[in-house]
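All remarks here apply to the structure that follows.
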Amino acid sequence: MSLLSLTAHVPDDVLAQLAPGRAALPDRVDAVVVGGGIVGCASAYYLARAGLSVALVERDAVSSQQSGRNWGFVRTQYRDPLELPLAIEALTIWPDLEAELGEPVGWRRTGCVFVAETEAENDTFERWVEKTRSVSGQARMLSSRQTKALMPALSKPAKGALFTETDGQAEPAMATTAFARAAIRAGAQIVENCGAFAVERAAGGVTGVLTEHGRIASNIVVCAAGAQSHRLLAPLGLGLPQQTVRSTVSLTAPLPPLSDPCFCGYGIGLRQRADGSCIIAADSCSDIDITLDSMRAMRFFLPEFMRHRSGFSLRLGRPFLDDLHQRLVVPPSERAAAGRRPWIPANRDRADRTREAVQDIFGTDDRLTIVKSWAGLIDVLPDALPVLDAPDALSGLIVATGFSGHGFGLGPAVGRHVARLAKGEKPDAILTPLRLERFTRGTYARAHAPL
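The opening position of the sequence shown corresponds to residue 1 in UniProt numbering, with each subsequent residue numbered one higher.
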């Protein structure tokens, strides 16, 4: 049970060992956090800072899944209005994180720009600005000329753009492991290669977590397990209509300045890092690896799938067989370890098309070299909004999951809210739309943007 394993899917320079040695599994703590992404690590940090004894268990390695594989955008721009207050709160935290955590997170206030290729896109962005003006007020529309002035490297015509100067970017694995190390310094214990397979309960409250290496007793359990969250919640009688999609991302060699702001437009997303290299990916395009789990939640996602089916590719292959094998052969106590270091292949065809699109959009010609490509499994919910809730049905359980591919920037604020919920404070009003019960009550709405 090491404290951090090096991973090959993210730029190597952002990775470092958490601490030497091995972490023993504690018998009892005040709070157990399941999941070592940025939400779990930020939660562990703020819980420990609040004076609680904390154990975080992670099936694989800290930042090894979504939190180490994402684009690194930190944005309020074009968020669902129901999620926007949480994003605004997070944006107030990011600039001071390096001072607070005592190490770099890669934060840079570069802004965020969504370029409109058509008048319809431009109109959509304008409506969002008007709808959210009273909440944010930071986003503004740019004319075609202003867009070109902001991005002189842009070689394709634009009708205009949505621009938020106060947004920024950070390095995903660097920020996540910074939270993990800060949590350790604050007194938390982090145990990697330790999958949780069940949450124990009695008398209407949680009593502990069962892991592949033993039991941890606790009256507070934070479910921040990403795509595995529904498996922990289902035996508790809490349904979470969670689907998993696979997204491919690439890292380029350093390039001349293309876009200082985080960029979306013409079907791609791009973030140019401090060294000139770029994180690039197709926007709103994902692969769905069919499994029994994907069939379980399909009725919730079918309307969204039909509206945007051109952005999805259905694939039947190894993940289906792996899922079937686990269900039929592997005992539940061993299933937590069975999915460790999962097979997540990059879609090479999609990576090549994205590279060609970037060359076309910015006129980079043969200067664009792909250093590496990787894929990540993104857990999504039908309305593309997360769950951040302490359900009334089970005392001591806190659910922080379902961030639908845009949770990295929210992580610090989510960690603070988790700690407040754990201390028994009244949930902030901004969390009301993010309650788990919206799915059982049928009060969730259509996703703000394509999943």
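Where is the CB? At the ideal position from N, CA and C, for every residue including glycine.
Asked                                                                                                                                                                          : Found
Considering only the alpha carbon of each residue, which of 417, 161 and 395 lies closest to residue 401?                                                                      : 417
Excluding the five sequence neighbours on either side, which residues of its own chain have a C-beta within less than 8 Å of the C-beta of residue 216, listed in chain order? : 25, 26, 27, 28, 29, 32, 55, 57, 208 and 209
Distance check for residue 199 and residue 205, CA to CA, integer angstroms please.                                                                                            : 10 Å
Ordered along the chain, which non-local residues of its own chain (more than five positions away) have a Cβ less than 6 Å from that of residue 264?                           : 114 and 283
Between the beta-carbon of residue 142 and the beta-carbon of residue 168, is there less than 8 Å?                                                                             : no
How far does the alpha helix (DSSP H) with residue 215 in it extend, from its first residue to its last?                                                                       : Unbroken run through residue 215 is the beta strand (DSSP E), 214 to 217; no alpha helix (DSSP H).
For the 8 Å Cβ check, are there 3 or more pairs between the segment 70 to 88 and the segment 393 to 411?                                                                       : yes
Return the chain-ordered ranges of every alpha helix (DSSP H) run that is complete within the segment 229 to 264 and spans a minimum of 4 residues.                            : 229 to 233
Any contact between the segment 93 to 112 and the segment 168 to 182? By contact I mean 3 or more CB pairs, one from each, below 8 Å.                                          : yes
Give the straight-line distance between the Cα atoms of residue 70 and residue 243, rounded to the nearest whole angstrom.                                                     : 17 Å
Mind listing, in chain order, the continuous beta strand (DSSP E) runs of no fewer than 3 residues lying wholly within the segment 94 to 170?                                  : 112 to 116, 139 to 142 and 160 to 164
Within this structure, are the beta carbons of residue 444 and residue 361 separated by less than 8 Å?                                                                         : no
Sorted by chain position, which residues of the same chain lie with C-beta nearer than 6 Å to residue 260's C-beta, five sequence neighbours on each side aside?               : 110
Rounded to whole angstroms, what's the CA-CA distance from residue 19 to residue 43? Just pull it up for me.                                                                   : In this prediction, residue 19 scores a pLDDT of 45, lower than 50, which makes its location untrustworthy; no coordinate-derived value is stated.
With which residues is residue 278 paired in a DSSP beta bridge?                                                                                                               : 272
Does any residue of chain C have a CB that is nearer than 8 Å to the CB of residue 236?                                                                                        : No chain C is present in this structure, which holds just one protein chain.
Thinking residue 65 and residue 376 are a contact (beta carbons under 8 Å), I'd like their distance in whole angstroms, please.                                                : 7 Å
With DSSP as the reference, label residue 181 as helix, strand or coil.                                                                                                        : helix
Taking residue 207 as part of the beta strand (DSSP E), name the residues at either end of that continuous run.                                                                : 205 to 211
Starting from residue 360, trace the alpha helix (DSSP H) both ways and give me its first and last residue.                                                                    : 348 to 362
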